[in-house]
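For the sequence shown, UniProt numbering begins at 1 and goes up steadily by one. Glycine residues also receive a C-beta, built at the ideal position from the N, C-alpha and C atoms.
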Amino acid sequence: MFTLEKVSYYDILNSINMKFEEGKVTCITGQSGAGKSTILKFLNKMILPTEGRVFYKGMPLESIDSVELRRQVVMLQQDPVIFQGNIEDNLQIGLKFSKQDPAPRSALKEALNVVMLEKALSDLSEKLSGGEKQRLALARILLMNPSAYLLDEPTSALDGETEAAVMERFIQSVKERDGTVIMVTHSEVVADRFGEEKIHLQYREKSR
Numbered sequence: 001m002f003t004l005e006k007v008s009y010y011d012i013l014n015s016i017n018m019k020f021e022e023g024k025v026t027c028i029t030g031q032s033g034a035g036k037s038t039i040l041k042f043l044n045k046m047i048l049p050t051e052g053r054v055f056y057k058g059m060p061l062e063s064i065d066s067v068e069l070r071r072q073v074v075m076l077q078q079d080p081v082i083f084q085g086n087i088e089d090n091l092q093i094g095l096k097f098s099k100q101d102p103a104p105r106s107a108l109k110e111a112l113n114v115v116m117l118e119k120a121l122s123d124l125s126e127k128l129s130g131g132e133k134q135r136l137a138l139a140r141i142l143l144m145n146p147s148a149y150l151l152d153e154p155t156s157a158l159d160g161e162t163e164a165a166v167m168e169r170f171i172q173s174v175k176e177r178d179g180t181v182i183m184v185t186h187s188e189v190v191a192d193r194f195g196e197e198k199i200h201l202q203y204r205e206k207s208r
């Protein structure tokens, strides 16, 4: 699905080559500063390499419209954006941004069930805890049904048991949709349990 060819980014990444297979769960681990989040940003075209090229389904990213790419490749950052309003508003807004029809309330409730968020659709989003906001954001992108999900520490605010349960249910749902997951995680346990492919980045000392 994605290929990185001799990609560098300032003094963070140096001439790396990677492939991410369609339909797989790939987990990226490594120390802080090793470039994990940078790679996700390449795939979503949030940033471009200083050297090398990134390809999506054989096409160089620079030739793909950024908005169109992000409708197919959705990124969830570690501190997800939560919008004003209630939970239903937050679930529907992803569909609005991706030019899709609103989902029925039954689909919204099912998405909340997948991520184990036991809240009413009318509950205010700003009253949620950090872990609940992460799960709300996971439910939002699940409803968008993209080709690829780019997840940056998607469950970092959850305890280990809840993290494993939420990710298992989320990945199962994505697999049922033939989706691809590329996930940065601090947890070797999560990577070992869910990663069909695993990439470990070594921290590179900055040049002085």
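Roughly how many angstroms lie between the CA atoms of residue i and residue j, to the nearest whole one?
i, j, result
"phenylalanine 97", "arginine 71", "8 Å"
"leucine 151", "cysteine 27", "9 Å"
"alanine 191", "serine 37", "15 Å"
"glycine 52", "glutamate 196", "26 Å"
"tyrosine 203", "arginine 135", "29 Å"
"proline 80", "threonine 185", "15 Å"
"glutamate 88", "leucine 95", "12 Å"
"residue 292", "serine 129", "Missing from the structure shown is residue 292; the chain here goes from 1 to 208 and no further."
"arginine 177", "serine 15", "34 Å"
Report the residue from the options whose alpha carbon sits nearest the alpha carbon of residue i.
i, options, result
"alanine 148", "Met167, Glu188 and Ile182", "Ile182"
"methionine 18", "Leu4, Lys24 and Met59", "Leu4"
"valine 174", "Leu201, Val25 and Leu43", "Val25"
"valine 74", "Gly85, Gly33, Gly58 and Lys45", "Lys45"
"aspartate 11", "Pro49, Phe20 and Glu21", "Pro49"
"asparagine 86", "Ile47, Lys127, Lys99 and Val7", "Lys127"
"alanine 137", "Asn90, Gly33 and Asp178", "Asn90"
"lysine 109", "Asn14, Ser122, Lys99 and Asp101", "Ser122"
"glycine 160", "Val189, Leu43 and Gly179", "Val189"
"isoleucine 47", "Met59, Gly33, Val7 and Phe20", "Val7"
Would residue i and residue j be called neighbours here (beta carbons separated by less than 8 Å)?
i, j, result
"alanine 139", "leucine 117", "yes"
"proline 154", "leucine 76", "yes"
"tyrosine 92", "alanine 103", "A small fix is needed here, since residue 92 is glutamine in this sequence, not tyrosine. In contact: glutamine 92 and alanine 103 (Cβ atoms closer than 8 Å)."
"methionine 1", "lysine 41", "no"
"histidine 112", "glycine 131", "Checking the sequence, you will find leucine at residue 112 rather than histidine. Not closer than 8 Å, so no."
"lysine 133", "isoleucine 82", "yes"
"valine 67", "leucine 61", "no"
Determine the DSSP secondary structure at residue i, reduced to helix, strand or coil.
i, result
"glutamate 153", "coil"
"leucine 121", "coil"
"valine 115", "coil"
"leucine 128", "coil"
"asparagine 90", "helix"
"alanine 148", "strand"
"methionine 183", "strand"
"valine 25", "strand"
"phenylalanine 194", "helix"
"arginine 208", "For arginine 208, the predicted model reports a pLDDT of 44, less than 50, meaning its position is unreliable and no value from the coordinates is stated."
Less than 8 Å between the CB atoms is what I'm expecting for residue i and residue j, so what's the real figure, rounded?
i, j, result
"valine 114", "leucine 142", "6 Å"
"glycine 35", "leucine 201", "6 Å"
"serine 156", "glutamine 31", "Not confirmed; about 15 Å, so no contact."
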